[in-house]
Structure formats: structure tokens, C-alpha cells
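**Q**
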Amino acid sequence: GPLKICVFRLPRIANFDDLDPLRLEPGVALEFIQPGKPLPGDCSLAIIPGSKSTMTDLAAFRAQGWDIDLAAHVRRGGKVLGLCGGYQMLGRVIHDPHGLEGAAGDANGLGLLDVETTLTAEKTVSPTTARHIASGEEIQAYQIHLGKTTGPGCAFPFAHTGDGPEGAVNGHVAGTYLHGCFSADTFRRAYLKSLGHPSSDLAYEALVDSTLDALARHLEQHINVDLLMNLAETPSR
Numbered sequence: 044g045p046l047k048i049c050v051f052r053l054p055r056i057a058n059f060d061d062l063d064p065l066r067l068e069p070g071v072a073l074e075f076i077q078p079g080k081p082l083p084g085d086c087s088l089a090i091i092p093g094s095k096s097t098m099t100d101l102a103a104f105r106a107q108g109w110d111i112d113l114a115a116h117v118r119r120g121g122k123v124l125g126l127c128g129g130y131q132m133l134g135r136v137i138h139d140p141h142g143l144e145g146a147a148g149d150a151n152g153l154g155l156l157d158v159e160t161t162l163t164a165e166k167t168v169s170p171t172t173a174r175h176i177a178s179g180e181e182i183q184a185y186q187i188h189l190g191k192t193t194g195p196g197c198a199f200p201f202a203h204t205g206d207g208p209e210g211a212v213n214g215h216v217a218g219t220y221l222h223g224c225f226s227a228d229t230f231r232r233a234y235l236k237s238l239g240h241p242s243s244d245l246a247y248e249a250l251v252d253s254t255l256d257a258l259a260r261h262l263e264q265h266i267n268v269d270l271l272m273n274l275a276e277t278p279s280r
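Given below as C-alpha cells:
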């Protein structure tokens with residue numbers, strides 16, 4: 044059957060287009076786990092996605108009992124990937140000393156990675172070229188997050204960037220700040236292969252380009268594009 048990848052549908056989920064390349068991959072069944080639903084037993088990879096409010100979503104994650112589901116998944120040998128806010132949640136603790144996400148204070152993380160995060164006012168926003176350590180493949184990604192993540196777990200990084208090691212890996216559990224990493228075809232193929240999924244020839248960026256080109260042609264056929272452009276350039280009164 045298809046490789047089942049499950050994504051926890053956090054209340055304040057962010058950057059879920061990170062997962063589009065996996066959704067389009069032949070032979071992959073990507074499923075969003077809705078609130079009130081358990082993590083299926085046949086899930087190969089559980090993903091905790093990015094969040095617009097990590098501490099609030101961590102509390103919601105626990106309220107669903109998903110922390111218990113995730114622990115059972117790891118005991119079964121299932122893999123876990125935390126992206127950005129999801130990476131922060133996988134650590135031991137999240138510190139919010141300045142109350143950036145509500146009342147100032149700390150929240151215990153899920154404790155699957157030996158790291159801790161301190162939320163900071165300055166936001167990291169940068170395109171990032173990285174090399175995935177397990178596969179050696181290059182990743183073109185971007186980072187956009189509040190917070191610094193440190194700890195013993197960072198000695199086993201997910202990837203190397205020009206700024207040094209990035210993310211953390213502990214057995215079948217990994218966390219990374221690299222948004223958009225699955226758009227890189229060679230990395231995505233290597234990653235899925237590590238999950239026991241045969242390689243496909245999906246060229247994600249080319250598919251996006253061809254889809255946009257087809258959409259543009261469709262619009263040209265059905266819309267007076269020149270008129271539209273003139274309207275866009277006409278200053279409003």
C-alpha cells in the first residue's frame with residue numbers, strides 16, 4: 044500500500060505548503076490528523092508542522108492526547124519530523140521570557156529531542172542552502188522563526204548550513220527549521236527512500252512552473268488580460 048505520512052492539524056498551523064511536494068508524490072498518502080482523531084497505527088512518518096503560536100499549539104497538541112499517540116508511534120519504530128514550531132515542540136522546554144506568545148513563562152516540550160528553545164523578539168528570516176547529513180543531499184530552503192534552539196541534541200544535527208549545524212536528530216525523531224526542504228527533488232527522494240518508499244521522478248519545481256504556465260494560458264484565453272493590466276495601472280480617484 045501507499046506510504047502513510049500523517050500531519051497533525053494544529054489550530055494555528057503555518058507554512059503547510061511545506062508539505063505540498065509530499066502530497067504530490069506518487070505512492071504517498073498524506074493525511075492531516077484533525078482534532079479529535081487519533082494518530083493511525085499504520086502511520087510511517089508523523090509530522091508536527093510549523094505554527095503561528097508554538098506554545099498555544101503545544102497545549103492544544105496535549106489536549107488532543109496526541110503526545111500519548113506520538114510516544115506510542117515512536118515506541119513502534121515510527122519516524123517523527125518537527126518543522127520549525129514542530130521542532131521547538133519536540134524539545135524538552137520552550138522558554139518565553141518576554142511573553143511574546145502570551146503570558147511570560149516556560150512550557151515543557153514533548154521531550155523527544157534533547158534541546159530547548161528560547162523565544163526571542165528578533166525573527167530569523169533567511170534563504171538557506173543546507174546539506175542533509177543522513178543522505179548527503181543538498182536542500183534549498185528558507186528559515187522564518189522566532190527563537191534560538193540549543194542543547195546536547197544539537198550535536199547530532201539534521202543538516203549543515205553555511206552558518207553551521209542545523210536541527211537535531213535522535214534515532215527516528217528529527218527537528219529542523221528548514222522550511223520548504225521537500226521541494227528539493229533529490230533530498231525528498233532520499234528521505235522517502237529512508238522510509239522504505241521507492242523513488243519517483245516527480246520534479247516538483249518544474250511541476251509548479253508548468254501548472255502556473257497552464258493557468259496563465261487558461262486566463263489569457265478567458266480574460267481580457269490587456270484590459271486587466273490597464274485597470275491595474277489606472278490610479279484610483
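Sequential numbering of the sequence shown, starting at 44, is according to my numbering.
Even for Gly, the Cβ is constructed at its ideal location relative to N, Cα and C.
#1: Put residue 277 into one of helix, strand or coil per three-state DSSP.
#2: Comparing alpha-carbon positions, which option in 121, 197 and 63 lies nearest residue 158?
#3: Please name the residue in 109, 86 and 195 whose C-alpha comes closest to that of residue 120.
#4: Taking the C-alpha atoms as reference points, what is the distance between residue 34 and residue 174?
#5: Whole-angstrom Cβ separation of residue 228 and residue 247, contact assumed at under 8 Å?
#6: For residue 156 and residue 113, I'd like the C-alpha separation in whole angstroms.
#7: When we look at the beta-carbon of residue 237 and count the other beta-carbons within 10 Å, is it buried (16 or more) or exposed?
#8: Ignore the nearest five residues each way along the sequence and tell me which others in residue 189's own chain have a CB closer than 7 Å to its CB.
#9: Quick check on DSSP: helix, strand or coil for residue 183?
#10: Helix, strand or coil for residue 50, going by three-state DSSP, please let me know.
#11: For the alpha helix (DSSP H) that residue 230 lies in, which residues bound it at each end?
#12: Quick one, are the C-beta atoms of residue 59 and residue 76 less than 8 Å apart?
#13: Please go through the same chain and pick out, in chain order, the residues whose beta-carbon is closer than 8 Å to the beta-carbon of residue 102, but skip the five residues on each side of it.
#14: Does DSSP classify residue 64 as helix, strand or coil?
#15: Hey, residue 68 and residue 235: beta-carbon distance below 8 Å or not?
#16: What number of angstroms, rounded off, separates the C-alpha of residue 138 from the C-alpha of residue 72?
#17: Are residue 214 and residue 202 touching if we call contact CB-CB under 8 Å?
**A** So, to answer that:
#1: coil
#2: 197
#3: 86
#4: Outside the displayed span of the chain (44 to 280) sits residue 34, for which this structure offers no information.
#5: 6 Å
#6: 13 Å
#7: exposed
#8: 143, 162, 163 and 166
#9: strand
#10: strand
#11: 228-237
#12: no
#13: 150
#14: helix
#15: yes
#16: 35 Å
#17: no
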